[in-house]
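Residue numbers (this note's numbering): -6 to 298. Ideal placement from N, C-alpha and C gives every residue a C-beta, glycine not left out. Below: one structure, written as structure tokens.
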Amino acid sequence: MHWRFSSPNFYEGPLPGAPEEDSYADVCGARIRYRVSGSGPAVVLLHGYASSLDAWDDVVPALSARHQVIAVDLKGFGYSSRGAGDYSPAAQARIVVALLDHLRLPRAAIVGHSWGASVALATSLAVPQRISRVALYDAWVYEDQLPAWMVLARADGIGEWMFGWSGHGHVERTMPIAYYDRRRITSDRVRRVEQLLELPGSKAAALATLRAQKFRRQEQRYGELSQPVLLLWGKEDCISTLPVAYRLMRQLRHAELKVYPRCGHFPMVEALEESNRDLAGFLEVEVEAAQADALGSELKRRRAP
-6 MHWRFSSPNF YEGPLPGAPE EDSYADVCGA RIRYRVSGSG PAVVLLHGYA
44 SSLDAWDDVV PALSARHQVI AVDLKGFGYS SRGAGDYSPA AQARIVVALL
94 DHLRLPRAAI VGHSWGASVA LATSLAVPQR ISRVALYDAW VYEDQLPAWM
144 VLARADGIGE WMFGWSGHGH VERTMPIAYY DRRRITSDRV RRVEQLLELP
194 GSKAAALATL RAQKFRRQEQ RYGELSQPVL LLWGKEDCIS TLPVAYRLMR
244 QLRHAELKVY PRCGHFPMVE ALEESNRDLA GFLEVEVEAA QADALGSELK
294 RRRAP
């Protein structure tokens, strides 16, 4: 295998190949890619580490018939910008709130996968009045979840050395840990991830995000959440293991847990039908509330002199 080293550097310019059919917003000093589908009560979808809004491609159709679905590329990932700055969950949460403002959405449900769950929780804690419900897939939200190599990469110089090396086949070799059924690892899935990670600034953004995964203060506040929370978890996940789900359940005030057998870190792939059904059912309350509000407004209008 041929390996090459390139120093991880941030990138401020436009990204090559950015899809023109998607939408982009300049918020909090970053250019954020997002995709809106459907109509109804708003739902924001946040991907995991080293991923993109494409992770939700098979989830969006299950929601968009009754919801306005906003899938987001968080700063540093997908086709969102990769400039220098704060990559902490709190900073990403500020971007999410700014995007809600940009879209003139006073309130939304929020869904996060893996590391994106930490951003979903940070958003819910920062602006609880604007987040109606929270759904978390295989959440990565505790400091002690970080493996040794991630902790090591936080050190100056070591992280740059680790992230600076790249070689053909790296994604294909590391992706199996995320899946129970290795047949899910298609060449197209590998290619899409590789293409995004090869965009300029990706290594620097990924390293900055890793170094900002310091959850100690945030994780002490999870018990403050008043919103209903749905946890969706792969039983065989070896990245964010099932005991993490039980730990989070004990800490949250209003949470329920759905566990999917023969499923790893991606229930939206390996347990697609079941997890889509559970998520849609959890969010249906928002649709019913919106319909009740609309009916009440119509009755008031008819009674007005």
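Nearest in C-alpha terms to residue 257, of all of 100, 229, 243, 46, is 229.
Residue 124 is bridged by DSSP to 101. Check the Cα spacing between residue 212 and each of 116, 189, 151, 157: the tightest is with 116. Per DSSP, reduced to three states, the secondary structure at residue 273 is helical.
Counting C-beta atoms within 10 angstroms of its own C-beta, residue 2 has fewer than 16 neighbours from the protein chains shown and is therefore classed as exposed.
Here DSSP, grouped into helix, strand and coil, assigns residue 198 to helix.
Around residue 93, the same chain offers 101, 123 as residues with beta carbons nearer than 7 Å, after the five sequence neighbours per side are excluded.
Sequence-distant partners of residue 130 (beyond 5 residues in either direction) whose C-beta falls short of 6 Å from its own C-beta, in its chain, are 106, 225, 260.
Under the three-state reduction of DSSP output, residue 61 falls in the strand class.
C-alpha of residue 194 to C-alpha of residue 4: approximately 5 Å in a straight line.
Under the three-pair Cβ rule at 8 Å, the region 49 to 58 counts as touching the region 263 to 279.
Nearest in C-alpha terms to residue 6, of all of 59, 25, 29, 75, is 75. Looking at the backbone, the Cα of residue 157 and that of residue 33 are separated by about 44 Å.
Taking a cut-off of 8 Å for Cβ pairs, the region 11 to 29 and the region 81 to 93 touch, as three or more such pairs fall below it.
In this structure, the alpha-carbon of residue 68 lies about 26 Å from that of residue 234. Residue 276 and residue 139 have their C-alpha atoms some 30 Å from each other.
Under the DSSP assignment, residue 154 falls in the alpha helix (DSSP H) whose first and last residues are 151 to 157. A residue is called buried once 16 or more other Cβ atoms fall within 10 Å of its Cβ, and residue 85 is buried on that count.
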